Every structure is written in structure tokens, then in C-alpha cells.
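Novice:
Numbering (the numbering used here), first residue to last: 1205 to 1614.
(1) Taking DSSP's pairing of strands, which residues face residue 1298 in a bridge?
(2) Please check the pair residue 1546 and residue 1587, which I expect to be a contact at CB under 8 Å, by giving their CB distance rounded to whole angstroms.
(3) Is it the case that the Cβ atoms of residue 1519 and residue 1595 are separated by a distance below 8 Å?
(4) Decide if residue 1227 is buried, meaning its Cβ has at least 16 other Cβ atoms within 10 Å, or exposed.
(5) Hey, how far is the Cα of residue 1577 from the Cα of residue 1521?
(6) Going by other Cβ atoms of all chains shown within 10 Å of its Cβ, with 16 needed for buried, is residue 1535 buried or exposed?
(7) If you follow the beta strand (DSSP E) that residue 1516 is part of, which residue opens it and which one closes it?
(8) Look up residue 1548 in the DSSP assignment and say whether it is helix, strand or coil.
(9) Measuring alpha carbon to alpha carbon, tell me which residue in 1308, 1508, 1498 is nearest residue 1568.
(10) How would you label residue 1471, buried or exposed, when you count the other beta carbons within 10 angstroms and need 16 or more for buried?
(11) Rounded to whole angstroms, what's the CA-CA distance from residue 1364 to residue 1229? Just pull it up for me.
(12) Between the beta-carbon of residue 1289 and the beta-carbon of residue 1305, is there less than 8 Å?
(13) Grab me the residues of residue 1239's own chain with a C-beta within less than 8 Å of its C-beta, minus the 5 sequence neighbours each way, in chain order.
(14) Once you ignore the five residues that flank residue 1599 on each side, which residues in its own chain have a CB closer than 7 Å to its CB?
(15) Do residue 1337 and residue 1266 have their C-beta atoms within less than 8 Å of each other?
(16) Quick one: what does DSSP say residue 1345 is sitting in, helix, strand or coil?
(17) Give the straight-line distance between the Cα atoms of residue 1543 and residue 1585, rounded to the nearest whole angstrom.
(18) Let me make sure I understand the geometry here. Which of 1375, 1234, 1323, 1508 has the alpha-carbon closest to that of residue 1308?
(19) Does DSSP put residue 1479 in a helix, a strand or coil?
(20) Is residue 1315 near the ligand NAD, with its Cβ less than 7 Å from a heavy atom?
(21) Taking the Cβ atom as the reference point for each residue, do residue 1502 and residue 1564 lie within a distance shorter than 8 Å?
(22) Of the choices 1333, 1292, 1332, 1296, whose alpha-carbon is the least far from that of residue 1319?
(23) For residue 1484, is the classification buried or exposed, using 16 other Cβ atoms within 10 angstroms of its Cβ as the cut-off for buried?
(24) Residue 1441 by DSSP, collapsed to three states: which one?
(25) Could you check whether residue 1344 and residue 1294 sit closer than 8 Å to each other, using their CB atoms as the reference points?
(26) Among the residues of its own chain, which have a CB less than 7 Å from the CB of residue 1541, if the five just before and after it don't count?
(27) Just to confirm the assignment, what range does the beta strand (DSSP E) spanning residue 1565 have?
(28) Would you mind stating whether residue 1355 and residue 1327 have Cβ atoms separated by less than 8 Å?
(29) Check the C-beta distance from residue 1443 over to residue 1392 and give it rounded, since I have them as a contact under 8 Å.
(30) Using only CA atoms, which one of 1553, 1440, 1467, 1449 lies nearest to residue 1428?
(31) Alpha carbon to alpha carbon, how far is residue 1459 from residue 1225?
(32) Which partner residues of residue 1335 appear in the DSSP bridge assignment?
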């Protein structure tokens, strides 16, 4: 089968989407750390600049204490220009004196202000070493509000970007899934529609053969052909069910599995043995019979391919509790590594050269989307085989939910 360049690019992108996600994540981390590093570099530069401003202020105060000329320039251009850096001048006896850019409450008393200044001194001492002046006083200071905000800005920015990115990814992912579901449903319904005409024609031809002289000589062949046409009609019904809500009702699980296997046995390699446990014949679950048969067939066909047409398939039906019914399908195929447990359900994933990689994707959609159950790889060992587990809702659990819904309707 040939692909266009665009289709190949799309396949490569989809099959390597996990690597692309990690690449985007790594790029985001690099950009984030780069932003933090650059901002911290700016913060350090501003810290040095503020320190030089405080040192200049200290020298100006010392000069003003000694000389009385040119104080207007010093006061206006140096002392008064500091309107952002909080500072406190402590005398040689350890008492706070003049201060600047310290905010007090409007109704605070003198005692409360002194106490607040002492607390500020402790914070300032923890942040920077004070600058000592020649008269024995000390200038304590801390970062300006601008510098403090700039220090935390990249972290706040990253948090906003992460929240926005998560929300955008969730919305985009949901819209993409909805679009894929619409395309998926439209494709399957169109396929069912296209199959309808030839199937009806084949059914008419089989009826003709049954009433013709060749019936006696070719009875078995015609009967098998009839089974295949019936199966085609069932497949068409399955495709028609995709995209619409199927009828989920209580069914005998063993009967469904046994019927699916009975159809498969004459159509797969005679070297493959399929065993269904016989002690679970009375177990029932809430299922859609045609769709569950489809799932069983897909898993078994994959198992036959994994065993290369030779081996054993064991199917065990377990009533885990009143709430759940379990179907385990084990094969003696080539198995898989643990890293592939989830990937096998991705659309397009296939170990066969000619495989479309949609069988297990369909199975997952049917079990989890329509039956509200679970399907996963229970265990697998390379060279020994794989076990798939299907978890279905039991009858009593489903009936309890239905009664609960009926109660809330009133």
C-alpha cells in the first residue's frame, strides 16, 4: 500500500506523539529556566544598584553632618530621590531613628511604630549587612517592592503559563477527540451503508442456490456461504452502532463468547486451539451482544497473528463480584514488553506490515466508551504470551444504577 508524503508525515507524527510531547516539555523547561535565570540576573544587578544607592546616601548624610554648604543639592538629588528603598537609621545606642519608605497604619501609636521599626530592623538585618557611618550610626535597608516583585515575577508568570497551557491543552484535546469521534462515526456509518446493497444481493443469490439443482451437491458449501453473509450483515449492524448509543442489556457472557469462537474456529488456522472454560455458563453482564462479539473476535485474531497460526488461546470468564464480570483472553504468542501495554490500543499501532492497527482501538472504544468497562493488558512475557483482561459491569450493579436514575426522575 502506497502513502502520500503528507500521509507519511501524519503517520510519523501520530506514532511518535509521545516523543514530540517530551520534546515540547523539554523545550518548555529550558525556556522556563532561561526566563528564571535571566530575571535573577536582573535582580542581582538591581540589588547591586540599590546597595550603591544606600552607600551613596550614607556618604551624603556624613557630608551633610560636616559641611553646611550645598545641602540643597544633596537633599534634593540624593536623599529625597530615594522613594522606593525602605531604610532605617539606627544610632550608636541601637535605637531606631530616622526612617524612609516604611508604611505604618493610619491609627498606629508612637509605641506601635517603634515596635514596628524594631521588627523591620530584624528583617533588614537578616537580608543585608547594615552600612556603618563615621558617627557610629548604621543604615539598615531591604529590597524595594519593585525588586521583590521582580524576584517572584518569573514564578508567577510560569504558573499562569502552566495553568493556561493545561486548560488550552484540555480544550484542544477534547475538541480533537470530538472531531475524531464525528469522523469515526461518519466513516463507519458510510461503510455500513455501502455494504448494505451487496449483502442484500448476496443473500438473494444464496436463496436462489438453496432452491436450485446444485443444492444437493454443494449443501455444505452453500451453508458456509450463508453463515458468512449473515456475519457480514452482523458486521454492518456493528458499524451502524458506532456513533449511536447501543442497547446495553443483560446477556449470558458464556453464550456470547462461545458464539464468537464458534464462528472463528473454522476460519483460522487448524493449528490454533481455543478453549473456553465450561464452569461459567450462568454468568450474566450488561452488554451489547454484537459489539462484545466484535471485541472477542478482534482480540482472538490478534492472538492468532501473534502466535503465527500455531498455539493455544484460553478464555476464562470470572464473576469477580456482584459488580463486575471479567473475561481473560490468554495466548501463547510472542508477547510484548511492558512499555507497549498501553500503546497497543493506540490507533495505527501494529506489529504487522499490512495491519491498520485499529482492532484493539475499536475494542477499547467499545468496552470503555459503550459498556463503561475496562480493557487492558493484564500481563505479558516476551516469548511466552499475552493476557488481555476485559472488565464488564454486572447485572445487579447496573440495575441499581437504573433504579437510582428512575428515583431521581421523580
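Backbone N, C-alpha and C define an ideal beta-carbon position, used for all residues, glycine too. Bear in mind that the values here come from a model prediction, so they are computed numbers and not experimental data.
Specialist: In terms of the structure at hand:
(1) In DSSP, residue 1298 forms no bridge with anything.
(2) Wrong, their Cβ atoms sit about 21 Å apart, outside the cutoff.
(3) No, Cβ-Cβ distance for residue 1519 and residue 1595 is not below 8 Å.
(4) When all chains shown are included, residue 1227 counts as exposed.
(5) When rounded, the distance between both Cα atoms is 15 Å.
(6) Of the other Cβ atoms in all chains shown, 16 or more fall within 10 Å of the Cβ of residue 1535; this residue is therefore buried.
(7) Counting along the chain, residue 1516 sits inside the beta strand (DSSP E) bounded by residues 1515-1523.
(8) Reduced to three states, the DSSP call for residue 1548 is helix.
(9) 1498 is the residue among 1308, 1508, 1498 whose C-alpha sits nearest the C-alpha of residue 1568.
(10) Counting the other CB atoms within 10 Å of its CB gives residue 1471 a total below 16, which places it among the exposed residues.
(11) Residue 1364 and residue 1229 have their C-alpha atoms spaced approximately 16 Å apart.
(12) Yes. Within cutoff.
(13) Answer for residue 1239: 1358, 1361, 1362, listed in chain order.
(14) Excluding sequence neighbours, residue 1599 sits near 1454, 1488, 1489, 1490.
(15) Result yes, Cβ atoms of residue 1337 and residue 1266 sit closer than 8 Å.
(16) If DSSP states are grouped into helix, strand and coil, residue 1345 belongs with the strands.
(17) Between the alpha carbons of residue 1543 and residue 1585 lies a gap of roughly 12 Å.
(18) The shortest Cα separation from residue 1308 among 1375, 1234, 1323, 1508 belongs to 1323.
(19) If DSSP states are grouped into helix, strand and coil, residue 1479 belongs with the strands.
(20) Looking at this structure, you won't find the ligand NAD or any other ligand, since it has none at all.
(21) In this structure, residue 1502 lies near residue 1564, with their beta-carbon atoms less than 8 Å apart.
(22) Considering only alpha carbons, the answer is 1292.
(23) It counts as buried.
(24) Helix, per DSSP.
(25) In this structure, residue 1344 lies closer than 8 Å to residue 1294 by Cβ.
(26) Scanning its chain for C-beta atoms nearer than 7 Å, with the 5 sequence neighbours on each side dropped, one finds around residue 1541 the residues 1586, in chain order.
(27) For residue 1565, no beta strand (DSSP E) segment is defined; the enclosing uninterrupted segment is the alpha helix (DSSP H) at 1563-1568.
(28) No.
(29) Yes, residue 1443 and residue 1392 are in contact; Cβ-Cβ is about 4 Å, under 8 Å.
(30) Out of 1553, 1440, 1467, 1449, 1467 has the C-alpha closest to the C-alpha of residue 1428.
(31) Approximately 44 Å, taken between the alpha carbons.
(32) Under the DSSP definition of a beta bridge, residue 1335 partners with 1343.
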